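One structure below.
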Amino acid sequence: MRRRLRTVAVLALAVGLMAFFLRSADLERVAAAVRDARWDLLGAALVVTCATYVVRAIRWCWLLRPLGDVRFRVALRATVVGFAASAILPGRVGEVLRPYVLARREGLSVSAALATIVLERLLDVLAVLALLGVAVLIGAPGSAAGTGLLGTVRSGAALAGLAAAAAVGAAFVAAGHPDRVARAVERLGAILPARAAGVLTRIASRFIEGLAVVRNRRVLAVAGVWSLVHWAAAAAVVWLVTVAFDIALPVSGAAVLMALTVVGVSLPTPAGIGGYHAAYQVGATLLYGAPDAAAVAAALVLHATSFLPVTVVGVVCMTQEGVHLTAVRSFGGAGAEENRSAAPADESAVAASAAGGRRT
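Per numbering that gives the first Met the number 0, the sequence shown starts with residue 0, numbered consecutively.
Below is the structure:
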């Protein structure tokens, strides 16, 4: 019942956001804008979008280095599967499915691999904020409404930056002082049943193992550079699609619109449906004076470019991996579970979601 209510709430949110997005759209003009778009630029945007997943896989391999050698093709495959799952289902289940698929293939700890996903997200926030900061310094909107919106974006970015910096600091402390973390976990485990305490201890120790990358400055620096490359490419996709619809967007504006879509996609709807569209539309119209029909058309095409290819390829990879969407629905709470040799009996629910697992 709880899952059904959550699904209904997510669908209601998506419908409400799409209604806001389309509130004043002239669908005939939107269709005309799509017909008149520059398809050469849209094709280039599609190529760059596909390249961003390759960059993500490269960065992930670097973050995983302290855990062992990971094959690039396995990391890329797991990345595509994870993003496809998050695009189809609510709850960001792909963030848990991705390390599970990789850990199963490469014989790693799921919890340790999951810790690298946490580091990925922190690097993502810092990279987006860095690009946004540069964009804000070199360009500003001309309208009063745009200036007000940009001020709100600045404030939100500052708060997000502080939170990300604090989280990175916590990761440094945890990775540098595993004994302190172990003592804290032991104190917490003392008030839990013995079985739960044992599971918590295993998960915590392996999660800290996954944070080991923060002790390797070279690996962390390289991962940070790849993060900037990834988000610069994502901004390039925004620019290509926007210009394809004859919207005058400065290069700096691409980073601003990208940051807004990141906020939009953070809402708990599959593939950020509704939130992504509305964030782009508001930014394009208020900050850069885009006509509403062009902004709506560009938002629809940009979203499709960003999510449709990875979803199609990811579903194919899921089938090949033996991962079933019906089982993935319950994956949200499975991230803490380990491989069969160390996991408690309740991992049977996780194992049911993925068959096979042969190394190739």
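Glycine is no exception: its CB is placed at the ideal position from the N, C-alpha and C atoms.
Here the structure is a predicted model, which is why all the values come from computation and not from measurement.
If you follow the alpha helix (DSSP H) that residue i is part of, which residue opens it and which one closes it?
i, result
"Ala86", "Phe71 to Ile87"
"Val255", "Val250 to Val264"
"Ser226", "Arg216 to Ala243"
"Thr115", "Val109 to Ile137"
"Ser23", "Counting along the chain, Ser23 falls outside any alpha helix (DSSP H), and DSSP gives it neither H nor E."
"His302", "Asp291 to Glu320"
"Gly274", "Gly274 to Val281"
"Leu267", "A small correction: the amino acid at residue 267 is Pro; Leu does not occupy that position in the sequence shown. Run containing Pro267: none; DSSP gives neither H nor E here."
"Val47", "Trp38 to Leu63"
"Ala102", "Gly93 to Glu105"
Just the C-alpha distance for residue i and residue j, rounded to the nearest angstrom, thanks.
i, j, result
"Val255", "Val135", "8 Å"
"Val109", "Asp35", "48 Å"
"Gly220", "Ala50", "The question names Gly, but residue 220 is Ala in the sequence shown. Cα to Cα, the separation comes out at about 21 Å."
"Ala111", "Asp245", "46 Å"
"Val47", "Ala235", "8 Å"
"Leu239", "Val7", "35 Å"
"Glu94", "Leu113", "8 Å"
"Gly252", "Ala232", "14 Å"
"Trp59", "Arg28", "42 Å"
"Thr367", "Ile190", "Residue 367 cannot be examined here, being either before or after the span of the chain that is shown, 0 to 359."
"Val311", "Thr78", "13 Å"
"Pro98", "Asp25", "43 Å"
"Ile57", "Val124", "18 Å"
"Leu96", "Trp230", "23 Å"
"Thr304", "Leu88", "18 Å"
"Val218", "Ala297", "37 Å"
"Ala43", "Met257", "17 Å"
"Leu266", "Asp68", "34 Å"
"Ala222", "Leu122", "8 Å"
"Ile137", "Leu128", "14 Å"
Please name the residue, chosen from the options, that lies closest to residue i on a Cα-to-Cα basis.
i, options, result
"Leu45", "Ser110, His302, Met317 and Glu320", "His302"
"Cys316", "Thr48, Leu285, Arg76 and Ala165", "Arg76"
"Ala278", "Met17, Leu118 and Arg2", "Met17"
"Leu131", "Leu259, Gly93 and Arg104", "Leu259"
"Trp225", "Arg120, Gly42, Val261 and Gly321", "Arg120"
"Phe306", "Pro98, Leu96 and Val80", "Val80"
"Pro65", "His323, Ser23, Thr115 and Asp39", "Thr115"
"Glu105", "Leu63, Ile137 and Leu266", "Leu63"
"Thr241", "Ala24, Trp38 and Gly313", "Trp38"
"Pro249", "Leu286, Tyr275, Gly263 and Ser265", "Leu286"
"Phe19", "Gly263, Arg91, Gly90 and Phe82", "Gly263"
"Leu118", "Leu41, Ser23, Ala297 and Trp61", "Trp61"
"Val322", "Ala129, Val92, Arg55 and Asp68", "Val92"
"Ser23", "Leu266, Val281 and Val309", "Val281"
"Leu313", "Leu21, Ala83 and Ala270", "Here the sequence assigns Gly to residue 313, which means Leu is not the residue at that position. Looking at the Cα atoms, Ala83 is the closest of the given residues."
"Leu21", "Tyr275, Pro308 and Val309", "Tyr275"
Given that a residue counts as buried once 16 or more other Cβ atoms are within 10 Å of its Cβ, and exposed if not, what is residue i?
i, result
"Leu158", "exposed"
"Ala354", "Residue placement at Ala354 is poorly supported in this model, since its pLDDT is 39, which falls under 50; the coordinates are not used for a value here."
"Ile272", "buried"
"Phe71", "exposed"
"Arg216", "exposed"
"Thr318", "exposed"
"Leu161", "exposed"
"Leu4", "exposed"
"Glu320", "buried"
"Gly15", "exposed"
"Ser85", "buried"
"Arg2", "exposed"
"Ala335", "Its pLDDT being 37, under 50, Ala335 is placed unreliably in this model, and the coordinates cannot settle the point."
"Val133", "exposed"
"Leu101", "buried"
"Leu299", "buried"
"Ala165", "exposed"
Closer than 8 Å by C-beta to residue i: which residues in its own chain qualify, once you throw out the five before and the five after it? Chain order, please.
i, result
"Val53", "Leu75"
"Ala31", "Ala292"
"Pro308", "Leu45, Thr48 and Cys49"
I'd like the list of long-range same chain contacts for residue i, defined as Cβ closer than 7 Å, with 5 residues on each side in sequence excluded.
i, result
"Thr284", "Asp291 and Ala294"
"Ala289", "Ile246 and Ala283"
"Ala13", "Thr268, Ile272 and Gly273"
"Arg55", "Thr78 and His229"
"Val261", "Val127"
"Val73", "Leu101, Arg104 and Glu105"
Got a sec? Which residues, its chain only, sit under 6 Å from residue i by beta carbon, not counting five neighbours each side?
i, result
"Leu227", "Ala126"
"Leu10", "none"
"Leu107", "Leu66"
"Ala243", "Ala36, Arg37, Leu40 and Leu41"
"Val237", "Ala253, Leu256 and Met257"
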